[in-house]
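Colleague: Sequential numbering from 43 applies to the sequence shown in this note's numbering. All C-beta atoms, glycine included, are put in the ideal place defined by N, C-alpha and C. The structure presented is a predicted model; accordingly, all values stated were derived computationally and were not measured. One structure, as structure tokens, below. Some questions next.
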Amino acid sequence: MADGRYLLQCARRPRSLTARQLASQLSATAGRPIFRQTVSYRLHEGGLFARRPVVCMSLSPAHVRALLNWASEHRCWTLEQWGDVLFTDESRFNIQNDSRRAMIWREPGTRYRTPSIVERDHYRGSGLLVWAGIATNCRTYLYVFAGGSVTTVRYRDEILYPLARPFIAAMRTDAICMDDNARPHRHDWCGVIWRVKPFHRWRGLLDHRT
Numbered sequence: 043m044a045d046g047r048y049l050l051q052c053a054r055r056p057r058s059l060t061a062r063q064l065a066s067q068l069s070a071t072a073g074r075p076i077f078r079q080t081v082s083y084r085l086h087e088g089g090l091f092a093r094r095p096v097v098c099m100s101l102s103p104a105h106v107r108a109l110l111n112w113a114s115e116h117r118c119w120t121l122e123q124w125g126d127v128l129f130t131d132e133s134r135f136n137i138q139n140d141s142r143r144a145m146i147w148r149e150p151g152t153r154y155r156t157p158s159i160v161e162r163d164h165y166r167g168s169g170l171l172v173w174a175g176i177a178t179n180c181r182t183y184l185y186v187f188a189g190g191s192v193t194t195v196r197y198r199d200e201i202l203y204p205l206a207r208p209f210i211a212a213m214r215t216d217a218i219c220m221d222d223n224a225r226p227h228r229h230d231w232c233g234v235i236w237r238v239k240p241f242h243r244w245r246g247l248l249d250h251r252t
């Protein structure tokens with residue numbers, strides 16, 4: 043019983059240890075051989091199963107509250123009002139095969155909890171960073187960044203001016219551009235409310251060229 047509780051604690055800190063590694067660790071602690079199959083069986087009994095981690099940004103309690111408040115404020119919006127919103131985001135894709143061997147131990151129903159999330163894949167190989175935006179009845183072009191880091195200047199020169207600004211100009215003057223979880227800001231540039239990350243870095247660049 044004590045070995046089982048200790049095993050569950052070890053599997054949760056960190057969650058990425060394999061059953062073989064846990065068996066070796068528990069054998070050294072207990073002073074007797076413990077097999078990998080026994081470890082897997084005990085972990086299943088304790089409600090832990092080997093699963094792929096979710097690759098996404100982990101939300102802090104403050105983010106959760108802000109998103110909930112934002113959703114509550116806009117739950118009565120009409121389709122016409124949502125037609126003034128442009129949602130944008132970036133995603134990175136691996137262009138080589140993933141062995142899918144990176145696993146974690148987690149309980150059922152905890153897929154999107156912080157301990158079960160990794161913010162990026164760590165398997166080897168090159169990848170592509172793409173950007174796109176969607177609105178109610180239309181979408182922007184899919185843009186692929188040509189290597190290198192996406193700096194503030196690159197985001198301005200490759201996204202905001204050639205892609206986002208013409209798209210917003212075709213929408214209503216009170217349009218809202220939402221990028222990830224940034225706070226809303228109104229900018230006198232095209233009368234757009236910008237929600238970009240981090241806004242204070244983009245704002246100086248926009249003012250400089252407006």
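#1: Give me the Cα-Cα distance between Thr178 and Arg153, rounded to the nearest whole angstrom.
#2: Quick one: what does DSSP say Leu50 is sitting in, helix, strand or coil?
#3: So, under 8 angstroms CB-CB, Trp173 and Arg57 are touching, yes? Tell me the CB distance rounded to an integer number of Å.
#4: For Gln51 and Val106, what's the separation of their Cα atoms in angstroms?
#5: Find the nearest neighbour of Ala144 within the set Leu205, Ile159, Gln123, Ala65, judged by alpha-carbon distance.
#6: Please report how far the alpha carbon of Val127 lies from the alpha carbon of Arg93, in whole angstroms.
#7: Tell me whether Thr130 is buried or exposed, calling it buried when 16 or more other Cβ atoms sit within 10 Å of its Cβ.
#8: Give every residue of the same chain whose Cβ lies closer than 6 angstroms to the Cβ of Phe91, excluding the five residues on either side of it in the sequence, and list them in chain order.
#9: So, with DSSP's three-state summary, where would you put Phe209?
#10: Taking the alpha carbon of Thr182 as the reference point, which residue from Val195, Ala212, Val192, Thr193 has its own alpha carbon closest?
#11: Run through DSSP, which three-state label would Ile159 get?
#12: Are Asp62 and Arg78 closer than 7 angstroms when you measure CB to CB?
#13: How would you call Arg74, buried or exposed, if buried means at least 16 neighbouring beta carbons within 10 angstroms?
Modeller: Taking the definition as stated:
#1: 29 angstroms
#2: helix
#3: At roughly 32 angstroms, the Cβ-Cβ gap does not stay under 8 angstroms, so Trp173 and Arg57 are not in contact.
#4: 28 angstroms
#5: Ile159
#6: 36 angstroms
#7: buried
#8: none
#9: helix
#10: Ala212
#11: strand
#12: The identity of residue 62 in the sequence shown is Arg, whereas the question assumes Asp. Result yes, Cβ atoms of Arg62 and Arg78 sit closer than 7 angstroms.
#13: exposed
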